[in-house]
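Chemist: The structure under discussion is supplied below as C-alpha cells; questions concerning it will follow.
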Amino acid sequence: MQKFKFRTTNDGGINQKGKIIFHNGKELETPTCWFGLSLIESKEFQLEVFKKANIEAFLSNAYDLYYTDKKKERQKLIKELQRLEICHKMDSGGFQLMKAEISGKAHKFPLNQRLVLNKQLEIQCECGVQLDFPFGPNLNKKQKFKRLNKTFKNLGELIIQIENKGIDFSFLPVIHTTSNDLELLEYSLKQLETILGKKPDIIGVGSLVPLVKRMKGTMKNNIENFLYTLISLRRKLPGAFIHAFGIGGTMAYLAILAGIDSYDSNGWIQKSAYGVIQLPGISDRFLRKEDHNRPYLITNRKQRNCKKAINEIDMFMKCGCEACKPYYNENWKDKNWKLKQKAFIGRAQQPKKLRAIHNVSLYQSEILRIREEIINNNLLEFIKSRLKFSIYYKYIDFIEVLKEKDLDELRDFPRLLEMIYNKKKKN
Ligand SMILES: [Zn+2]
5 MQKFKFRTTN DGGINQKGKI IFHNGKELET PTCWFGLSLI ESKEFQLEVF KKANIEAFLS
65 NAYDLYYTDK KKERQKLIKE LQRLEICHKM DSGGFQLMKA EISGKAHKFP LNQRLVLNKQ
125 LEIQCECGVQ LDFPFGPNLN KKQKFKRLNK TFKNLGELII QIENKGIDFS FLPVIHTTSN
185 DLELLEYSLK QLETILGKKP DIIGVGSLVP LVKRMKGTMK NNIENFLYTL ISLRRKLPGA
245 FIHAFGIGGT MAYLAILAGI DSYDSNGWIQ KSAYGVIQLP GISDRFLRKE DHNRPYLITN
305 RKQRNCKKAI NEIDMFMKCG CEACKPYYNE NWKDKNWKLK QKAFIGRAQQ PKKLRAIHNV
365 SLYQSEILRI REEIINNNLL EFIKSRLKFS IYYKYIDFIE VLKEKDLDEL RDFPRLLEMI
425 YNKKKKN
C-alpha cells in the first residue's frame with residue numbers, strides 16, 4: 005500500500021517545512037530539490053559532482069532506463085548513489101512518451117504503468133512517479149480531460165498492482181493543469197479523492213512548463229497564471245506534499261514562495277557544460293568575456309534595481325564549496341583570481357566538473373537555506389534578496405497579494421488580475 009508519509013509544520017499557510025518518510029524508512033526534509041541524471045556525462049563525472057556537492061536527492065527516469073541507457077551506465081550510477089544514501093525519485097517518462105507521440109514514434113516505446121512500476125521496484129527507488137499523460141502544445145479542453153482520465157486510469161492500475169503484489173511503496177500521483185480557471189484543477193482533485201478514498205496529501209503537478217516557456221509568446225500573464233495555479237492548489241490542499249514538475253532555475257524561488265515543497269533540477273549540467281557559473285542572487289556568469297558577449301564575472305557590476313555595484317569576482321573568490329575550496333581567499337589578489345579563473349575555464353572535463361560541483365553545491369545549499377528561512381519566518385525577505393536583480397522580482401508582490409486571498413476570492417482570476425494591476429497603476 006501507499007507508504008509515502010509526510011509530516012509538516014504547516015498551520016494552514018502557504019509555505020511549510022516538512023519531512024518525507026518513505027516506505028523503506030528513509031527520510032528527506034522539504035522543501036527539496038531532486039537533481040536529474042545527465043544522459044551524456046559519465047558515471048564517474050556525475051558521481052563525483054553529486055558526492056562533492058552533498059546532494060540529498062536525485063531523480064532518474066523509467067523511460068531512460070528502458071530505452072536509452074543501453075550500456076546500463078545510469079543503472080550503475082544509481083547503485084552508487086544509493087550506496088551514499090541519497091534519496092531517489094524515479095519519474096515514469098510520461099513526458100518523453102508524449103514527445104515520442106508528437107513525433108509519431110510512440111510505437112517504438114511500449115511503456116505502460118506495469119513496466120514503470122516494475123522498473124521502480126527492481127531499482128528500489130524511494131519514490132516512484134506514476135505514468136502520466138502531460139499536456140502537449142495546443143490541446144483543447146476536451147483533449148486535456150481525455151489525457152487526465154488516462155492518467156487517473158493508470159493511477160487506479162498502479163494501486164491494484166501494488167495491492168496484488170502485497171507490497172509497501174511510496175508513489176506519487178500526478179495531475180496536470182494549465183488553465184487559469186480552476187476547472188481542470190478541481191476536476192483532478194475530485195478524481196484523485198475518489199481513487200484514493202481520501203483528499204490527496206501527496207501530489208505531483210505537471211504541464212506548468214509550457215506556460216512558463218511560452219511567456220515571450222502570445223499568451224498573456226503566463227507567470228501569473230502559473231503562480232496562481234500553485235497558490236490555489238496549496239489553498240485546496242493545506243499541509244499536503246506538492247511536487248512541481250519541470251520548474252527549475254530562478255523560477256523555483258517563485259514556485260517555493262507560492263507553496264511547493266519539491267522540484268527537479270535538470271539544468272545543472274547544461275549550464276555547467278556551457279561554461280556558466282552561478283552565484284547566489286546573480287544569474288548566469290561566464291568566467292571571462294566571450295565572443296557572444298554574455299555577462300561574465302566582473303568586480304563592479306551595476307545591477308538592476310540597485311545603485312551599489314556588486315563585486316562578483318569577490319563573491320566567487322569567497323565561495324567555500326568543494327570545487328572552490330583550494331582557491332578560497334578572503335584577501336585575494338589579482339593573481340589568485342587569475343589562477344582560479346584558469347582552473348574553472350574551458351571545455352575540458354576538469355573545469356567542467358569544477359563548475360558543475362560549484363553550481364550543484366550552490367543549488368543544494370540554497371535549499372538548506374530556504375528551510376532555515378521558513379523556520380525563521382523570513383522566507384519572503386530571503387526570496388526578495390535572491391531575486392532583487394532579476395526580471396522575476398516583480399512577481400513577488402503578486403504572490404503576496406494572492407496569498408491573502410481565500411479560495412472564494414481566488415476563484416475569479418481575471419478580476420483579481422485586473423484588480424492587482426489597476427491598483428498598481430494608480431500607485
Ligand atoms: Zn564554489
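Going by my numbering, 257 is the number at position 253 of the sequence shown; the sequence numbering is gapless. Heads up, the beta-carbon is just placed ideally off N, CA and C, and yes, glycines get one too. Given the structure is predicted, the values throughout are model-derived calculations rather than measurements.
Please report the straight-line C-alpha distance between GLU167 and GLU161, rounded to a whole angstrom.
Modeler: One C-alpha to the other measures close to 10 Å.
Chemist: Tell me, which residues are paired with TRP272 by DSSP?
Modeler: None; TRP272 has no bridge partner.
Chemist: Would you check whether ligand 1 has a heavy atom nearer than 7 Å to the C-beta of ALA57?
Modeler: Flag unset: Cβ of ALA57 not near ligand 1.
Chemist: At a threshold of 7 Å, does CYS310 count as lining ligand 1 (C-beta to nearest heavy atom)?
Modeler: No - ligand 1 has no heavy atom lying nearer than 7 Å to the Cβ of CYS310.
Chemist: How should THR303 be labelled, buried or exposed, when 16 other C-beta atoms within 10 angstroms of its C-beta is the threshold for buried?
Modeler: Answer is exposed; the Cβ neighbour count stays below 16.
Chemist: Per the contact definition of three or more C-beta pairs closer than 8 Å, is the region 97 to 116 in contact with the region 42 to 59?
Modeler: With the cut-off at 8 Å, the region 42 to 59 and the region 97 to 116 do not touch.
Chemist: If I measure Cβ to Cβ from LEU43 and keep anything under 7 Å in the same chain, skipping five residues before and after, which residues do I get?
Modeler: Taken in chain order, the residues that qualify are ASP68, THR72.
Chemist: Can you check whether the CB of ASP268 is closer than 8 Å to the CB of GLY253?
Modeler: No, Cβ-Cβ distance for GLY253 and ASP268 is not below 8 Å.
Chemist: Alpha carbon to alpha carbon, how far is PHE156 from ILE196? Give it in angstroms, no decimals.
Modeler: For clarity, residue 196 is Leu in the given sequence; the question names Ile instead. Computed Cα separation, rounded: 7 Å.
Chemist: Are the region 13 to 31 and the region 226 to 243 touching, with three or more C-beta to C-beta distances below 8 Å?
Modeler: With the cut-off at 8 Å, the region 13 to 31 and the region 226 to 243 touch.
Chemist: Considering ILE179, what are the terminal residues of the beta strand (DSSP E) in which it resides?
Modeler: First-last of the beta strand (DSSP E) with ILE179: 178 to 180.
Chemist: Going by DSSP in three states, LYS23 sits in which element: helix, strand or coil?
Modeler: It is a strand residue.
Chemist: So, LEU101 versus ALA110, is the Cβ gap smaller than 8 Å?
Modeler: Cβ atoms of LEU101 and ALA110: closer than 8 Å.
Chemist: Could you check where the alpha helix (DSSP H) with ASN229 kicks off and where it finishes?
Modeler: From DSSP, the alpha helix (DSSP H) with ASN229 extends over 226 to 240.
Chemist: Within a Cβ cutoff of 8 Å, which residues of the same chain sit near GLN79, ignoring the five residues on either side of it in sequence?
Modeler: Here the set comprises LEU69, ASP73, ILE127.
Chemist: Identify the continuous beta strand (DSSP E) that holds ARG95 and give its terminal residues.
Modeler: According to the sequence as given, residue 95 is Asp; it is not Arg. Where ASP95 is concerned, the enclosing beta strand (DSSP E) stretches over 91 to 95.
Chemist: Do you know how far the Cα of PHE99 is from the Cα of ASP136?
Modeler: Cα to Cα, ASP136 sits roughly 8 Å from PHE99.
Chemist: Quick check: PHE39 and PHE62, are their CB atoms within less than 8 Å of each other?
Modeler: Result yes, Cβ atoms of PHE39 and PHE62 sit closer than 8 Å.
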